[in-house]
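Everything on this sheet refers to the single structure shown next.
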Amino acid sequence: MTFNMLKAQSLDISYDHKKILDDFKIDVEKGEIVSIIGPNGSGKSTALKAMSRLIPVQKGKVFLDGKDLQLLKSKSISKVMSVLFQSNEPPADITVEELVQYGRTPHKKWYERTKVEDLDIVDWAIEKTGLTALRNRQVASLSGGEAQRAWIAMSLAQRPKLLLLDEPTTYLDIAHQLQLLELIHAVNRELGMTIVMVLHDLNQASIYSDKICVLSKGIVVNYGTPEEVMTKDMIRTIYGVECEIDSHYQHRKPRINLVGISPVVAN
């Protein structure tokens, strides 16, 4: 029997009697890139935290490769899943290379020394993220974009089957945003790594995703391929803006061209 890589089943989360996630459901197949989109405050980051067991849920279950996430040991989870959120604080005085090496920790026993295989994977992750020239720099001395790439490199060095990313393009300029998304796409295709990420940019979500999950006020209002999800009606209803949609010349995915505020919102 084969299982999907990640399945969230009817998750409910509330804070101070306010429901943040309401019957949240998502089913991510192995090897897919899935983006979660929605307005600010719609519950995107909360969903990611719930699916990584960082916060408790009041109702529902999460399954990782067919296994109940709540019943798994933390080390077993970290061998399969890597999670990267926006705010990360590295240990004092740690270099880029040392940070990336932490990604190999779940695959080693406490008494094991670093193996040649581990060093090769660390080198690969540093090179993939364009950090070769910065590998001996302290992470604390890096720019926001450079530090973000260092954390991404650590996650890649973990060689997870599933990678969860919360707005990975934050702090990056446009060129580095596209480079990072191309990297994520390449890793997905080369290693078969399943990726679930929260994104704000609708075009980036459309171009780089196999499936898109649309959240609004904690409720999944649409889940499907970019062609199925990225419609004028959805964008008008969820974001309150009018748009035109054509096809991206290279990726052949829906491309959203914003026109203006929807008259319904304006009034």
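Quick note on the working numbering: the sequence shown kicks off at 2 and runs consecutively.
For each residue, glycine too, the CB sits at the ideal point set by N, CA and C.
Keep in mind it's a predicted model, so treat the numbers as computed, not measured.
Check	Outcome
Residues that residue 15 bridges to, as DSSP identifies them	20
The region 155-164 touching the region 96-115, judged by at least three CB pairs closer than 8 Å	yes
Euclidean distance between Cα positions of residue 194 and residue 65	14 Å
Residue 173 vs residue 146 beta-carbon contact at 8 Å	yes
Residue range of the beta strand (DSSP E) that includes residue 1	As displayed, the chain neither begins before 2 nor continues past 268, which places residue 1 out of reach and without an answer.
Environment of residue 97 [buried if 16+ CB atoms lie within 10 Å]	buried
First through last residue of the beta strand (DSSP E) which encompasses residue 247	242-248
Beta-carbon gap between residue 235 and residue 246 smaller than 8 Å	no
4-residue-minimum alpha helix (DSSP H) runs that sit fully inside the region 114-179, ordered along the chain	117-129, 145-158
Closest Cα partner of residue 87 within the set 169, 121, 215	169
C-alpha gap between residue 95 and residue 83, whole angstroms	20 Å
Given residue 19 as reference, the closest of 219, 227, 237, 166 once Cα atoms are compared	219
Nearest-angstrom Cα separation, counted from residue 53 out to residue 109	21 Å
Exposed unless 16 or more other CB atoms sit within 10 angstroms - verdict on residue 225	exposed
Cα-Cα separation, residue 135 to residue 100	12 Å
Distance CB(residue 51)-CB(residue 85) smaller than 8 Å	no
Rounded distance between the beta-carbons of residue 71 and residue 15, thought under 8 Å	Not a contact, Cβ separation roughly 18 Å.
Presumed contact (8 Å Cβ cut-off) between residue 44 and residue 216, rounded CB distance	5 Å
Rounded Cβ spacing between residue 222 and residue 25 (contact assumed at less than 8 Å)	Wrong, their Cβ atoms sit about 11 Å apart, outside the cutoff.
Rounded distance between the beta-carbons of residue 257 and residue 179, thought under 8 Å	Rounded, the Cβ-Cβ distance is 16 Å, inconsistent with contact.
Residue(s) in a DSSP beta bridge with residue 7	29, 65
Residue 82 - partner residues in DSSP beta bridges	163
Burial state of residue 8 (16 or more Cβ within 10 Å)	buried
Cross-strand partners of residue 221 (DSSP beta bridge)	216
For residue 198: DSSP bridge partner residues	36, 166
Exposure of residue 250, with buried meaning 16 or more beta-carbon neighbours within 10 Å	exposed
From 213, 188, 191, 153, residue whose alpha carbon lies closest to that of residue 200	213
Nonlocal neighbours in the same chain, by C-beta distance under 7 Å from residue 155, ignoring five residues either side	100, 101, 103, 104
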